[in-house]
Amino acid sequence: MATEVVGGGAGAAACAGRWPRLFLKVESDAHAHKTELGLIEGPLTAAEVPAAYERLAAARAAAGAGDAPIVAQPAVPGVELALGAYLDPSFGPVVMVASGGIFTEILRDAQVAPAPVTEARAEAMIQRLRGAPLLRGARGRPPADVAAAARAVAALSRFIAEADGAYTAVDVNPLMVTADGAFAVDAVLYPAAERPAGEEVEVR
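Here the sequence shown stands for residues 498 to 701, where the numbers follow my numbering.
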């Protein structure tokens, strides 16, 4: 999915003129939880972009990321998932897929498996989510591309399994699953020295 660096409020407004809905976010690898820090806004309509840009610029300054660029990304209708992979002290590399995107911790609807997984196993994990019916099409929306989401899960599982300890966790949240693909709105890599604290989960 294309992204474009915006040079200011005018640049963000220009993107809004081309894309019916969009995300604005601060592009900074040093800030892992962008949603909690207010470093992502969207999806936004053109009318919402000016105020959202000002909020984002203020949040960027508050987070100490003043030099980080603000980028725009088109938003298309889809279903949000969250993906994760990490090295579990008991099970080794594992991969997780959850429904809800930024609401994952509230919904607590996740599937976890030892990594790596095949695309078929990844799709089965997705279909077992309580939120899976949303991916099949709901309230007149077209079905989402579950196969693309499964490819993303499988690829992430291979990455953590083959990282040889260089990275101990990866978060992709949200993964937007559309009618014809899937793309990450935000993703974070954790080097071995920066493993995030996490809850114990049941590996299935």
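Yeah, the Cβ is synthetic: ideal placement off N, Cα and C, and Gly gets one too.
On a predicted model such as this, the values are computed, not experimentally measured, just so you know.
Can you tell me where the beta strand (DSSP E) with residue i in it begins and where it stops?
i, result
"Phe520", "519-523"
Helix, strand or coil for residue i? Go by DSSP, reduced to three states.
i, result
"Leu626", "coil"
"Pro571", "strand"
"Gly678", "strand"
"Val698", "The pLDDT assigned to Val698 is 43, lower than 50, so where the model puts this residue is not dependable, and the model offers no usable value."
"Ala543", "helix"
"Ala527", "coil"
"Ala612", "coil"
"Ala689", "helix"
"Ala617", "helix"
"Ala684", "strand"
"Thr601", "helix"
From residue i to residue j, what distance separates their C-alpha atoms?
i, j, result
"Gly514", "Leu541", "12 Å"
"Ala555", "Leu578", "28 Å"
"Ala582", "Ala666", "5 Å"
"Gly563", "Ala595", "32 Å"
"Gly598", "Gly628", "11 Å"
"Pro547", "Gly575", "24 Å"
"Val586", "Gly662", "Before going on, a small fix: residue 586 reads as Pro here, not Val. Cα to Cα, the separation comes out at about 12 Å."
"Pro640", "Ala676", "6 Å"
"Met622", "Leu653", "14 Å"
"Glu551", "Ala572", "19 Å"
"Ala646", "Leu580", "10 Å"
"Gly539", "Ser525", "17 Å"
"Arg701", "Arg618", "With a pLDDT of 43 at Arg701, under the threshold of 50, the predicted position of this residue should be treated as unreliable, and no value is reported."
"Phe656", "Pro517", "34 Å"
Looking only at DSSP bridge pairs, what is residue i linked to?
i, result
"Thr665", "Per DSSP, none; premise fails for Thr665."
"Glu585", "The question names Glu, but residue 585 in the sequence shown is Asp. BP columns for Asp585 point to Gly589."
"Ile537", "Lys522"
"Pro639", "Looking at the DSSP assignment, Pro639 forms no beta bridge with any residue, so it has no partner."
"Glu501", "Ala569"
"Ala607", "Ala595"
"Glu577", "Met673"
Quick one: give me the first and last residue of the alpha helix (DSSP H) that residue i is part of.
i, result
"Val643", "643-659"
"Pro547", "546-559"
"Ala513", "506-515"
Mind reading off the beta-carbon distance from residue i to residue j? Whole number of angstroms is fine, and I expect it under 8 Å.
i, j, result
"Val591", "Pro611", "6 Å"
"Ala569", "Glu501", "5 Å"
So, is the C-beta of residue i closer than 7 Å to a C-beta in chain C?
i, result
"Pro586", "No chain C is present in this structure, which holds just one protein chain."
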